[in-house]
Each structure stands twice: as structure tokens, then as C-alpha cells.
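The opening position of the sequence shown corresponds to residue 8 in the working numbering, with each subsequent residue numbered one higher. Encoded as C-alpha cells, the structure appears first; notes follow it.
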Amino acid sequence: MFEAAALSPGGMPSDPAQLMQELAAGDPRMAMLMQLMQAQRGEPSNDDSVPDDRDNLIAELSERLDASEARLTKMTRIARQLHEAGRVASVRLSRLAAALGACGICWGEDSSCLGCRGRGRPGMMRPDPEMRAELFGTQSPVRDASKHCH
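The structure is reproduced here in C-alpha cells:
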């Protein structure tokens with residue numbers, strides 16, 4: 008079955024294609040498998056001037072990947088900006104809460120708040136006079152409004 012000249016030192020044919028042909032000749036299932044593999048592999052094109060479908064697919068996927076990376080970069084930048092804006096707003100609200108004597112966590116709206124248990128509405132705690140002066144000036148806006156009502 009095997010020619011002695013084609014055998015490698017281990018007793019197997021040295022040409023893989025020859026080995027596959029011999030296996031296919033001895034087993035009909037192997038022959039069908041070989042036909043399927045050859046059909047999937049297709050005939051190689053020797054003409055380098057004609058672009059292969061795989062080259063077109065690679066180019067398209069590369070463009071889509073570049074576009075996705077650009078969108079991801081933009082979304083990451085926007086997320087960082089939103090995170091920073093939220094942090095700044097939280098600091099401002101905490102300072103305002105301190106100036107008004109409110110809970111800086113929930114403003115008295117959350118009964119499960121660890122800071123006030125829902126009782127920290129403005130005026131429920133002693134306001135921070137320094138923060139109040141910094142935010143509203145030395146005169147209280149409430150006092151100024153009461154003077155104008157009389």
C-alpha cells in the first residue's frame with residue numbers, strides 16, 4: 008500500500024497530501040470529510056490583482072472597529088465629564104445644605120438616611136454660619152425678605 012521511497016523514518020508517508028489521499032481511499036467517511044474540507048477551502052486564486060473576499064471583509068471589519076473605537080473614546084470622555092459634573096454638583100449641594108441646616112446627604116427626604124433618618128430638612132439642624140455667609144453674604148436672605156414685607 009505504501010511505497011518504501013515515500014515513507015519517512017517513522018513509517019508514515021512524508022507528504023501530508025499523500026497521507027490524506029491514502030486515508031480517504033481506505034475509509035469512505037474519511038473520503039467524504041476530505042471532500043468537505045476541500046470544498047470549504049476552495050480553489051486558491053493565483054491572481055494577486057483581484058482582491059479576495061477575505062481582504063474586503065477584513066477591510067470592512069477594520070473600518071467598523073475603528074469607528075467603534077472612536078465612539079468608545081467619545082463615550083468615555085463624556086462619561087468622565089458627567090462624573091466630574093456630578094461630583095461638583097454634589098459638593099455644591101452639600102455646602103448649601105450646611106448653610107441652610109439641612110442634611111447634606113438626602114435633604115430630609117430619605118427615612119433610611121444614615122445621616123438624619125429623614126429628618127434633615129432645611130432648618131432642622133444648626134446652619135453653618137461661615138458657609139451661610141460665604142454663600143449668601145453677611146446678610147441672611149430670609150431676614151432681608153422679612154424686612155421688605157412689613
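Backbone N, C-alpha and C define an ideal beta-carbon position, used for all residues, glycine too.
Counted as a single uninterrupted DSSP element, the stretch harbouring residue 134 is not any alpha helix (DSSP H), since DSSP gives it neither H nor E.
Counting C-beta atoms within 10 angstroms of its own C-beta, residue 36 has fewer than 16 neighbours from the protein chains shown and is therefore classed as exposed. Counting other Cβ atoms within 10 Å of its Cβ, residue 139 reaches 16 or more and is therefore classed as buried. Remark: three or more beta-carbon pairs, one from each stretch, lie closer than 8 angstroms, so the segment 126-137 and the segment 111-118 are flagged as touching. Relative to the Cα of residue 108, the nearest Cα in the group 90, 85, 123 belongs to 123. Taken atom to atom, the span from the alpha-carbon of residue 61 to that of residue 42 is near 22 angstroms. Per DSSP, reduced to three states, the secondary structure at residue 101 is helical.
Taking the Cα positions, residue 86 is about 56 angstroms away from residue 23.
Per the C-alpha coordinates, the member of 29, 131, 142 positioned closest to residue 100 is 142. It is roughly 11 angstroms from the alpha-carbon of residue 25 to the alpha-carbon of residue 32. Cβ-Cβ distances below 8 angstroms link residue 120 to 110, 112, 113, 127 in the same chain, with the five nearest sequence neighbours on each side left out; the list follows chain order.
Using a Cβ distance threshold of 9 angstroms, residue 96 and residue 134 do not count as a contacting pair. Per DSSP, reduced to three states, the secondary structure at residue 121 is coil, with no helix or strand assignment.
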